[in-house]
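Visitor: A single structure is presented below for examination.
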Amino acid sequence: MFPELNNLLNTTPEGAEQGKLTLLCDAKTDGSFLVHHFLSFYLKANCKVCFVALVQSFSHYNMVGQKLGVSLTTARERGQLVVLEGLKSAVDIFFRPQEEPHPLQFLREANAGDLQPLYAFVRDALEPVDCGEAAWRCPVLLVDDLSVLLSLGVGPVAVLDFVHYCRATVCREWKGNVVALVHDSGDAEDEESDVLLNGLSHQSHLILRAEGLATGFCKDVHGQLRILWRRPLQPTTPRDRSLTYQYKIQDKSVSFFAKGMSPAVL
Amino acid sequence: MAAAGTCGTGTRSTGSMVAAASTNNVTSFQRRGPRASGADSGCSRLVSIAGTRPSVRNGQLLVSTGLPALDQLLGGGLAVGTVLLIEEDKYNIYSPLLFKYFLAEGIVSGHALLVASAKEDPADILQKLPAPLIDDSYKKECDEDVCSHKMEPDIKMKIAWRYQLLPKMEAGPVSSSRFGHYYDISKRIPQELIETSKWHGFFLPEKISSAFNVESCSLTPGYMKLLQFIQNIIYKEGFDGSNPQKKQKNILRIGIQNLGSPLWGDDICCTENCDTSHSLTKFLYILRGLLRTSLSACIITMPTHLIQNKAVIARVTNLSDTVVGLESFIGSEKETNPLYKDYHGLIHIRQIPRLNNLIYDISDVKDLAFKLKKKLFTIERLHLPPDLSDTVSRSSKQDLAESTKLLGPGCGMTAGGKKHSSDYVGSSQDLSFVS
Chain A
0 MFPELNNLLN TTPEGAEQGK LTLLCDAKTD GSFLVHHFLS FYLKANCKVC FVALVQSFSH
60 YNMVGQKLGV SLTTARERGQ LVVLEGLKSA VDIFFRPQEE PHPLQFLREA NAGDLQPLYA
120 FVRDALEPVD CGEAAWRCPV LLVDDLSVLL SLGVGPVAVL DFVHYCRATV CREWKGNVVA
180 LVHDSGDAED EESDVLLNGL SHQSHLILRA EGLATGFCKD VHGQLRILWR RPLQPTTPRD
240 RSLTYQYKIQ DKSVSFFAKG MSPAVL
Chain B
0 MAAAGTCGTG TRSTGSMVAA ASTNNVTSFQ RRGPRASGAD SGCSRLVSIA GTRPSVRNGQ
60 LLVSTGLPAL DQLLGGGLAV GTVLLIEEDK YNIYSPLLFK YFLAEGIVSG HALLVASAKE
120 DPADILQKLP APLIDDSYKK ECDEDVCSHK MEPDIKMKIA WRYQLLPKME AGPVSSSRFG
180 HYYDISKRIP QELIETSKWH GFFLPEKISS AFNVESCSLT PGYMKLLQFI QNIIYKEGFD
240 GSNPQKKQKN ILRIGIQNLG SPLWGDDICC TENCDTSHSL TKFLYILRGL LRTSLSACII
300 TMPTHLIQNK AVIARVTNLS DTVVGLESFI GSEKETNPLY KDYHGLIHIR QIPRLNNLIY
360 DISDVKDLAF KLKKKLFTIE RLHLPPDLSD TVSRSSKQDL AESTKLLGPG CGMTAGGKKH
420 SSDYVGSSQD LSFVS
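The following block contains the structure:
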């Protein structure tokens with residue numbers, strides 16, 4: 000996790016909020032550093048994490064996690080982390096047909112149906128087990144990323160249904176959190192992506208949006224992060240607070256600064 | 000321009016060159032710790048594969064694309080287990096060259112090849128690969144080209160004086176460690192090299208017979224067959240380490256030509272809303288899954304300029320690791336622009352992956368142009384940002400035709416000082432953010 004981002008979001012691993020849907024969004028840039036942040040954050044917060052990793056292999060996340068101070072292999076062995084590796088599972092299910100329903104069953108079907116098997120997988124992974132051992136703090140579902148599901152033939156409504164089911168179970172019932180990454184296609188006129196993004200933006204409590212700079216590529220400022228708090232839990236706080244920062248990604252952390260205050264410029 | 004038959008010696012010294020190629024490669028730099036996103040087994044063993052080297056940044060295993068200038072732009076080379084997507088230029092003249100360079104590099108380094116095409120027989124493609132150059136002949140080529148440009152060698156550049164201090168984009172073969180090789184496009188690869196190499200071909204018209212059972216999967220039959228073929232080769236030849244008998248310590252280079260074109264049975268280039276709209280993206284996803292779990296690297300050329308639906312192009316880009324776009328000047332108004340008169344087109348590095356890392360090696364140069372010389376394909380920098388110091392004096396009236404005569408070897412020039420843009424950040428050529 001990035002300490003500076005924790006400060007901006009006003010959270011600590013000990014005092015993480017529960018029952019929230021966080022939407023990570025990127026437009027014209029790569030927002031995967033946010034996924035790494037939240038993954039290591041929730042692992043450090045002693046939460047049980049179900050990670051649906053559809054974009055990269057497990058070793059990629061593991062190596063970045065080690066730089067951020069968490070070991071995914073240890074977490075997986077301990078039972079704190081359940082990972083669904085999308086790339087590996089896709090190969091398995093495509094070339095060796097499985098008998099029992101597989102979370103990525105829709106890959107074999109011509110008209111991709113719904114994400115019911117995937118939801119069943121998440122539910123089984125995060126179900127709070129009532130035994131005397133050290134209980135994890137709260138269940139967390141982390142998806143990287145939902146736009147890949149659109150590319151694989153799932154309709155945007157099916158993806159929204161999946162998120163709705165997950166929210167109902169994980170956030171409401173089990174008081175956990177859901178974090179998902181979606182790509183904003185910008186001017187590429189991707190209607191399905193827009194439907195998904197708008198639908199999720201409406202439902203989420205916190206939106207982190209990583210954008211590329213409008214002026215183009217810059218070596219010292221890699222992009223701009225917009226943080227939007229929606230649905231404040233206390234009715235007295237002002238609605239929809241928003242902050243904008245610029246960031247630079249380094250080897251082991253990301254540094255944030257106010258707009259125009261990059262250390263390279265000052 | 001006497002070529003001096005230097006490449007003819009290639010046939011004589013083929014044996015020694017192949018031997019040299021396999022004993023070349025990696026430096027003594029070895030990074031401890033878990034290795035690339037390829038096979039998880041055996042860290043130090045992977046380093047000893049011919050024609051590969053570990054990346055300086057994260058120990059990722061890299062292979063050369065066959066074009067050392069492109070390797071430099073991609074951060075050292077193409078990572079094993081990733082996909083390099085080449086967006087074809089409009090008339091598909093220059094992208095086959097990059098395709099051939101990749102395959103030729105595989106033959107010279109001793110890698111296994113898998114060539115898939117719907118248009119040309121893979122055996123024919125292999126016959127037309129360029130011949131590798133040995134060191135002396137490359138230096139002679141460079142010198143000849145430089146001489147032909149320097150008509151007035153003693154005139155110092157007055158406006159574009161910074162260009163004189165700049166090195167050219169590509170590193171000469173003397174300095175490189177034989178990780179990448181140079182090729183002569185005007186000559187064919189020697190037959191012996193092809194025969195000693197291990198290659199598998201996939202020619203779509205042969206593989207698709209009339210009586211095939213279409214499984215109700217939303218992949219077009221052509222893609223389905225290709226995936227099964229690739230998976231078969233990877234499994235049988237042991238590139239994924241699963242076959243206990245064949246522990247292959249070699250790289251499989253996969254080349255797929257014109258993916259997405261109607262010849263593959265895909266409508267995505269013909270209509271905007273087609274039935275098989277997810278076929279291509281599904282194919283790419285599963286292909287990447289195959290690559291990530293095996294010692295292979297893939298090059299795909301795709302006619303993205305034909306794809307009607309821009310959303311699909313964005314999705315295809317997100318599903319590929321490295322994306323390079325070629326834009327040739329033929330037929331566009333840029334052909335007559337004096338700025339571009341030395342070049343044949345622009346090359347855009349649209350995406351570079353972040354592998355095992357938060358950061359990646361991105362080159363600062365965004366204005367890149369390519370030129371197809373008689374024997375070589377070169378990539379050069381096109382513009383430099385203006386010098387913002389106060390001592391630079393710009394003459395207000397500068398005839399553009401006159402100023403282009405002052406060009407040094409292979410350098411472009413910004414049109415003379417019209418306005419002093421002091422807030423210039425980034426490049427003028429490509430404003431989209433490369434992620």
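Those protein sequence lines, which keep their order, are chains A and B.
Position 147 (the first sequence) corresponds to 146 in numbering that gives the first Met the number 0; numbering is contiguous.
Position 384 (the second sequence) corresponds to 383 in numbering that gives the first Met the number 0; numbering is contiguous.
We put the beta carbon where it would ideally sit given N, CA and C, even for glycine.
1. Residues of chain B with a CB under 9 Å from the CB of residue 146/A: which are they?
2. What residues from the region 257-280 of chain B come within 7 Å of chain D, judged by C-beta to C-beta, listed N to C?
3. Using a cut-off of 8 Å between C-beta atoms, extract the partners of residue 253/B located in chain A.
4. Taking the beta strand (DSSP E) that residue 187/B falls in, what are its first and last residues?
5. Taking only beta carbons into account, state which residues of the region 339-369 of chain B come closer than 7 Å to chain A, listed in chain order.
6. Against chain B, does residue 78/A count as a neighbour if the rule is that its beta carbon must be under 8 Å from one of theirs?
7. Buried or exposed, going by whether 16 or more other CB atoms sit within 10 Å of the CB of residue 165/A?
8. Would residue 200/A count as contacting chain B if we go by Cβ distances under 8 Å?
9. Could you tell me whether the Cβ of residue 292/B comes closer than 8 Å to any Cβ of chain A?
10. Roughly how many whole angstroms lie between the Cα atoms of residue 102/A and residue 127/B?
11. Do the region 29-38 of chain A and the region 325-333 of chain B touch if we need at least three Cβ pairs shorter than 8 Å?
12. Whose C-beta lies closer than 6 Å to the C-beta of residue 203/A among residues of the same chain, with five residues either side of it excluded?
13. Note down the Cα distance separating residue 216/A from residue 204/B, rounded to an integer number of angstroms.
14. Take every Cβ of the region 63-78 of chain B, pair it with every Cβ of the region 262-278 of chain B, and state whether three or more of those distances are shorter than 8 Å.
15. Tell whether a beta-carbon distance below 8 Å holds between residue 69/A and residue 42/A.
16. For a contact defined as C-beta to C-beta under 8 Å, what are the partners of residue 98/A on chain B?
17. Exposed or buried, which one is residue 150/B when buried takes at least 16 other CB atoms within 10 Å?
18. List, in chain order, every chain A residue whose beta-carbon is nearer than 7 Å to that of residue 230/B.
19. Under 8 Å, with one C-beta from each stretch per pair, do the region 141-155 of chain A and the region 177-185 of chain A reach the 3-pair mark?
20. What residue range is occupied by the uninterrupted alpha helix (DSSP H) comprising residue 123/A?
21. Mind reading off the beta-carbon distance from residue 132/B to residue 182/B? Whole number of angstroms is fine, and I expect it under 8 Å.
22. Would residue 224/A and residue 207/A be called neighbours here (beta carbons separated by less than 8 Å)?
23. For residue 234/B, collect the residues of the same chain with a Cβ closer than 8 Å to its Cβ; drop the 5 residues on either side in sequence, then sort them by chain order.
24. So, do the region 109-121 of chain A and the region 244-264 of chain B have three or more beta carbon pairs nearer to each other than 8 Å?
25. Can you give me the Cβ contacts of residue 312/B inside the same chain, cut-off strictly under 7 Å, excluding the 5 residues immediately before and after it?
26. Are the region 239-256 of chain A and the region 50-57 of chain A touching by the rule of at least three beta carbon pairs closer than 8 Å?
27. Is DSSP giving residue 136/A helix, strand or coil here?
28. What does residue 43/A touch in chain B if you count any residue whose Cβ is under 9 Å from its own?
29. Residue 70/A CB to nearest chain B CB: under 8 Å?
30. Evaluate residue 104/B with the Cβ neighbour count: other Cβ atoms within 10 Å of its Cβ, from every protein chain shown; 16 or more gives buried, anything less gives exposed.
31. Roughly how many angstroms lie between the CA atoms of residue 314/B and residue 190/A, to the nearest whole one?
32. For the structure I just gave you, are there three or more beta carbon pairs, one from the region 365-380 of chain B and one from the region 335-344 of chain B, closer than 8 Å?
33. On the DSSP letters alone, give me the boundaries of the beta strand (DSSP E) that residue 273/B sits inside.
34. Just list the alpha helix (DSSP H) runs in the region 1-57 of chain A, keeping only unbroken ones of 4 residues or longer that don't cross its boundaries, in chain order.
35. Among the candidates 26/A, 52/A and 17/A, whose CA atom is the shortest distance from the CA of residue 44/A?
Guide: By the coordinates alone:
1. Close partners of residue 146/A in chain B (Cβ separation under 9 Å): 314 and 317.
2. As a matter of chain content, chain D is missing from the structure shown, whose protein chains are A and B.
3. Within 8 Å Cβ-Cβ: nothing; residue 253/B doesn't reach chain A, min ~15 Å.
4. Element bounds for residue 187/B: 181-187.
5. Result list: 353, 354, 355, 356, 357, 358, 363 and 365.
6. With 8 Å as the cut-off, residue 78/A does not count as an interface residue toward chain B.
7. The residue in question, residue 165/A, is buried, as its Cβ has 16 or more Cβ neighbours within 10 Å.
8. For residue 200/A, no CB of chain B lies under 8 Å from its own CB, so it is not counted at the interface with that chain.
9. So, interface residue.
10. Each residue's CA atom was taken as its position, placing residue 102/A and residue 127/B some 45 Å apart.
11. The region 29-38 of chain A, when compared against the region 325-333 of chain B, does not touch it at the 8 Å Cβ threshold.
12. Same-chain partners within the cutoff: 20 and 22.
13. C-alpha separation (whole angstroms): 44 Å.
14. The region 262-278 of chain B and the region 63-78 of chain B do not touch, with fewer than three beta-carbon pairs separated by less than 8 Å.
15. In this structure, residue 42/A lies closer than 8 Å to residue 69/A by Cβ.
16. Here the premise fails: no neighbours, minimum Cβ distance about 17 Å.
17. With a pLDDT of 43 at residue 150/B, under the threshold of 50, the predicted position of this residue should be treated as unreliable, though the coordinate-derived value follows. Residue 150/B counts as exposed, since fewer than 16 other C-beta atoms from the protein chains shown sit within 10 angstroms of its C-beta.
18. What residue 230/B touches in chain A, judged by beta-carbon distance under 7 Å, is 94, going in chain order.
19. Short answer: they touch.
20. Start and end: 115-125.
21. Confirmed, Cβ separation roughly 6 Å.
22. It is a contact, given that the beta carbons lie within the stated cut-off.
23. 241 and 242, listed in sequence order.
24. Touching, no, given that fewer than three Cβ pairs across the two stretches are closer than 8 Å.
25. The answer, listed in chain order, is 303 and 306.
26. At 8 Å Cβ cutoff, the stretches do not touch.
27. Reduced to three states, the DSSP call for residue 136/A is coil.
28. Chain B residues near residue 43/A: none, gap ~17 Å exceeds 9 Å.
29. No, residue 70/A lies away from the interface with chain B (no Cβ there is under 8 Å from its Cβ).
30. Buried is the call here.
31. Straight-line measurement puts the Cα of residue 190/A at about 12 Å from the Cα of residue 314/B.
32. Result yes; three or more Cβ-Cβ pairs closer than 8 Å.
33. Segment: none, residue 273/B is in no beta strand (DSSP E) and carries neither H nor E.
34. Entirely contained in the region 1-57 of chain A, the alpha helix (DSSP H) runs reaching 4 residues are, in chain order, 2-8 and 31-43.
35. Scanning 26/A, 52/A and 17/A for the CA closest to the CA of residue 44/A turns up 17/A.
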